[in-house]
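Peer 1:
Numbering (my numbering), first residue to last: 1010 to 1249.
1. Which same chain residues end up closer than 8 Å to residue 1158 when comparing Cβ atoms and leaving out the 5 residues on each side of it in sequence?
2. In its own chain, which residues sit with a C-beta less than 8 Å from the C-beta of residue 1185, not counting the 5 before and 5 after it?
3. If we call anything under 8 Å between Cβ atoms a contact, is residue 1139 one with residue 1090?
4. Provide the residue span of the alpha helix (DSSP H) that contains residue 1246, from first to last.
5. So the candidates are 1075, 1128, 1142, 1246; which of them puts its Cα closest to the Cα of residue 1064?
6. Kindly say whether residue 1128, judged by its beta-carbon, lies nearer than 8 Å to any beta-carbon of chain C.
7. Would you grab the beta carbon distance between residue 1108 and residue 1075 for me? Rounded to a whole angstrom, and I think it's under 8 Å.
8. Please check the pair residue 1084 and residue 1105, which I expect to be a contact at CB under 8 Å, by giving their CB distance rounded to whole angstroms.
9. Which of the three DSSP states, helix, strand or coil, is assigned to residue 996?
10. Whose C-beta lies closer than 6 Å to the C-beta of residue 1242 among residues of the same chain, with five residues either side of it excluded?
11. Leaving out the 5 sequence neighbours to the left and right, which residues in its chain are closer than 8 Å to residue 1030 when beta-carbon positions are compared?
12. Buried or exposed: where does residue 1115 fall if 16 or more other Cβ atoms within 10 Å of its Cβ makes it buried?
13. If residue 1197 sits next to residue 1026, beta carbons under 8 Å apart, how far is it from one beta carbon to the other, in whole angstroms?
14. So, are the CB atoms of residue 1246 and residue 1232 less than 8 Å apart?
15. Tell me whether residue 1182 sits in a helix, a strand or coil according to DSSP, three-state version.
16. Look at the alpha carbon of residue 1193 and the alpha carbon of residue 1235, and state the distance between them as a whole number of angstroms.
17. Curious, which full-length beta strand (DSSP E) runs of at least 3 residues does the segment 1069–1113 contain?
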């Protein structure tokens, strides 16, 4: 499958899932193009928090989307250090540091993108601690752990950066929280830069996945000129 047909196949699945979520009332209208803020996100966060892997984790890296806000809030209430990606990785230091010991404002506020921008410091990978658990948002995922984001590639870059820095390794668990309607039976296409997830957590179940697929770092040929322009941390990478 060519890169173009690969991306077309991915987008077809995204469109079907977005439409299904809206039709079933499982996500708000206008979800197309976004990580869905799915119904039951708080229950999925509670289910994740009951797992051994959560209880063993002290450092969590999370995406900034609203769908995973309950996970970030729960992590802070549980005393975990949270690294949250700056939206669109738009800063030279592309992660917010959410340390529950450092905030007087409610965690429900500081764990949002707007709240973090106003109250949390940013950090680059060379100053971060090793990550025990990665929480990512998804548009769709199959039971093998192959996931689709919204198509911008930010999650893949975040994981690649931290893997390259030695902060994510084979012992790091990657989990996605999402609605059960987002778990598909399709044989989803994968690109070289894609990572898979170890665990899928919905409001109603936990699904263990196949052995993980983890790129060893940034794959230069997957980085477009537009990405280099918009994401500061990519600007000095060697070309493909």
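All C-beta atoms in this analysis are idealised placements derived from N, C-alpha and C, irrespective of residue type, glycine included. Here the structure is a predicted model, which means the values were calculated and not measured.
Peer 2: Result, derived from the coordinates:
1. 1044, 1145, 1146, 1147, 1148, 1164, 1165
2. Exclusion of the five residues before and after residue 1185 leaves 1144, 1145, 1146, 1147, 1150, 1156, 1206, 1208, 1209, 1210 as the residues of its chain whose Cβ lies within less than 8 Å of its Cβ.
3. Their beta carbons are not under 8 Å apart, which means residue 1139 does not touch residue 1090 by this criterion.
4. From DSSP, residue 1246 is part of no alpha helix (DSSP H); its letter is neither H nor E.
5. 1142
6. The displayed structure is made up of one protein chain only, and chain C is not part of it.
7. No, residue 1108 and residue 1075 are not in contact; Cβ-Cβ is about 22 Å, not under 8 Å.
8. Residue 1084 to residue 1105, Cβ: 13 Å. No contact.
9. The chain is shown only over 1010 to 1249; residue 996 falls outside these bounds and no answer can be derived.
10. 1103
11. 1036, 1040, 1045, 1047, 1188, 1190, 1191
12. exposed
13. Contact between residue 1197 and residue 1026 fails: their C-beta atoms lie close to 11 Å from each other, not under 8 Å.
14. yes
15. strand
16. 31 Å
17. 1090–1094, 1104–1107
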